[in-house]
Amino acid sequence: MYAIVEMAGQQFKVAKDQKVYVHRLQEDEGKKVTFDKVLLLEDGGNVIIGAPVIEGAAVEAKVVKHLKGDKVIVFKKKRRKGYRKKNGHRQYLTEIVVEGIVAKGAKKAAPAKAKTEAKPATEPKKAEKKAAAPKKEAPKATEDLSSKTVAELKEMAKAKEITGYSSMKKAELIEALSK
Numbered sequence: 001m002y003a004i005v006e007m008a009g010q011q012f013k014v015a016k017d018q019k020v021y022v023h024r025l026q027e028d029e030g031k032k033v034t035f036d037k038v039l040l041l042e043d044g045g046n047v048i049i050g051a052p053v054i055e056g057a058a059v060e061a062k063v064v065k066h067l068k069g070d071k072v073i074v075f076k077k078k079r080r081k082g083y084r085k086k087n088g089h090r091q092y093l094t095e096i097v098v099e100g101i102v103a104k105g106a107k108k109a110a111p112a113k114a115k116t117e118a119k120p121a122t123e124p125k126k127a128e129k130k131a132a133a134p135k136k137e138a139p140k141a142t143e144d145l146s147s148k149t150v151a152e153l154k155e156m157a158k159a160k161e162i163t164g165y166s167s168m169k170k171a172e173l174i175e176a177l178s179k
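Each step along the sequence shown adds one to the number in UniProt numbering, with nothing skipped, and position 110 is 110.
1. For the stretch 25–39 against the stretch 71–90, are there 3 or more C-beta pairs whose distance is under 8 angstroms?
2. For lysine 71, write down the residues that DSSP places opposite it in a beta bridge.
3. Enumerate in chain order the residues of its own chain whose CB-to-CB distance from isoleucine 162 is below 8 angstroms, with the five nearest sequence positions on each side excluded.
4. Can you tell which of Ala61, Glu60, Leu39, Arg24 has the C-alpha that lies nearest to the C-alpha of alanine 51?
5. In chain order, which beta strand (DSSP E) runs of at least 3 residues are fully inside the stretch 39–86?
6. Give the list of continuous alpha helix (DSSP H) stretches no shorter than 4 residues that lie fully inside the UniProt domain "Rho termination factor-like N-terminal" (144–179).
7. Give the straight-line distance between the Cα atoms of lysine 154 and lysine 179, rounded to the nearest whole angstrom.
8. Can you give me the Cβ contacts of valine 102 inside the same chain, cut-off strictly under 6 angstroms, excluding the 5 residues immediately before and after it?
9. In angstroms with no decimal places, state the Cα-to-Cα distance between isoleucine 49 and glycine 69.
10. Pick out whichever of Gly44, Phe35, Gly45 has its Cα sitting closest to the Cα of glycine 56.
11. Helix, strand or coil, according to DSSP, for leucine 25 in the structure here?
12. Answer yes or no: do residue 181 and glutamine 18 have a C-beta to C-beta separation smaller than 8 angstroms?
13. Closest to tyrosine 21 by C-alpha separation, out of Ile4, Lys78, Val63, Asn46, would be which residue?
14. Between the alpha carbons of alanine 157 and serine 146, how many angstroms are there, rounded?
15. Could you tell me which residues DSSP pairs with glutamate 95 in its beta bridges?
16. Can you give me the C-alpha to C-alpha distance between residue 199 and leucine 67, rounded to a whole angstrom?
17. From arginine 90 to valine 53, what does the alpha carbon distance come to, in whole angstroms?
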């Protein structure tokens, strides 16, 4: 029995008790991990293909250790130009051992449940924001002032007897009128 599963953004063909190196996972060493993005299952000649994933199928694995991969040298050169760049890279990896492949009855990953629990918590906050919205009457007055022309603002400043309005810019006029 084998499965093609997506782990950490890459697809792997895995079987039971197989050791796989994947991009670094957030889980601690010794923890069990479940991958529910199973794309294909093969069990004794019976092949099941997902569209795009197989519902209820999962691959269970255990994190063995975190490590760094071999160094890869990146060397760039342009001939006759004196241009040479040497760079190295070591990928962070996680070694996992596949403990089993579940064809049916697997549960969804825990982060999806955390998202559904977070939604009710945000609704009361929205109600609080709506309650706080009527208190903001002053900004609406500044919005009305911003739609007016500079000449109209200068006339309003003259009517309120603000000194030095003739040399003020639009933003300064709005600020002086809103006080």
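Just so you know, even glycine gets a beta-carbon here, dropped at the ideal spot from N, CA and C. Model, not experiment: these values are computed from the prediction.
Walking through what the data contain:
1. Put simply, the stretch 25–39 does not touch the stretch 71–90. Fewer than three CB pairs are less than 8 angstroms apart.
2. For the purposes of this step, residue 71 is taken as residue 71 along the sequence shown, with counting starting at 1. BP columns for lysine 71 are empty, so no partner.
3. Here residue 162 corresponds to residue number 162 of the sequence shown, with the count starting at 1. If we look at isoleucine 162 and ignore the five residues flanking it on each side, its Cβ neighbours are Ala176, Leu177.
4. The residue given as residue 51 occupies position 51 in the sequence shown. Checking every option, the nearest Cα to that of alanine 51 belongs to Leu39.
5. The beta strand (DSSP E) runs lying completely inside the stretch 39–86 and spanning 3 residues or more are 46–49, 58–68, 72–78, given in chain order.
6. Listed in chain order, the complete alpha helix (DSSP H) runs (minimum 4 residues) inside the UniProt domain "Rho termination factor-like N-terminal" (144–179) are 150–159, 170–178.
7. Locating residue 154 in the sequence shown gives position 154, counting from the first residue. Locating residue 179 in the sequence shown gives position 179, counting from the first residue. Each residue's alpha carbon lies about 15 angstroms from the other.
8. Here residue 102 refers to the residue found at position 102 of the sequence shown. Sequence-distant partners of valine 102 (beyond 5 residues in either direction) whose C-beta falls short of 6 angstroms from its own C-beta, in its chain, are Ala58.
9. The residue you call residue 49 lines up with position 49 of the sequence shown. The residue you call residue 69 lines up with position 69 of the sequence shown. Note on geometry: alpha-carbon atoms of isoleucine 49 and glycine 69 lie some 32 angstroms from one another.
10. Counted from its first residue, the sequence shown places residue 56 at position 56. Of the listed residues, the one whose Cα sits closest to glycine 56 is Phe35.
11. If you number the sequence shown from 1, residue 25 lands on position 25. The answer is coil: DSSP assigns leucine 25 none of H, G, I, E or B.
12. The displayed coordinates of the chain run from 1 to 179. Any statement about residue 181 would go beyond what the structure contains.
13. Position 21 of the sequence shown, counted from the first residue, corresponds to residue 21. Taking only the C-alpha atoms, the option nearest tyrosine 21 is Val63.
14. For the purposes of this step, residue 157 is taken as the residue at position 157 of the sequence shown. For the purposes of this step, residue 146 is taken as the residue at position 146 of the sequence shown. Cα to Cα, alanine 157 sits roughly 14 angstroms from serine 146.
15. Mapped onto the sequence shown, residue 95 falls at position 95. Beta-bridge pairing links glutamate 95 to Tyr21, Lys65.
16. This structure does not reach residue 199, given that the chain is present from 1 up to 179, and the question cannot be answered.
17. Taking the first residue of the sequence shown as position 1, residue 90 is located at position 90. Taking the first residue of the sequence shown as position 1, residue 53 is located at position 53. The straight-line gap from Cα to Cα measures roughly 32 angstroms.
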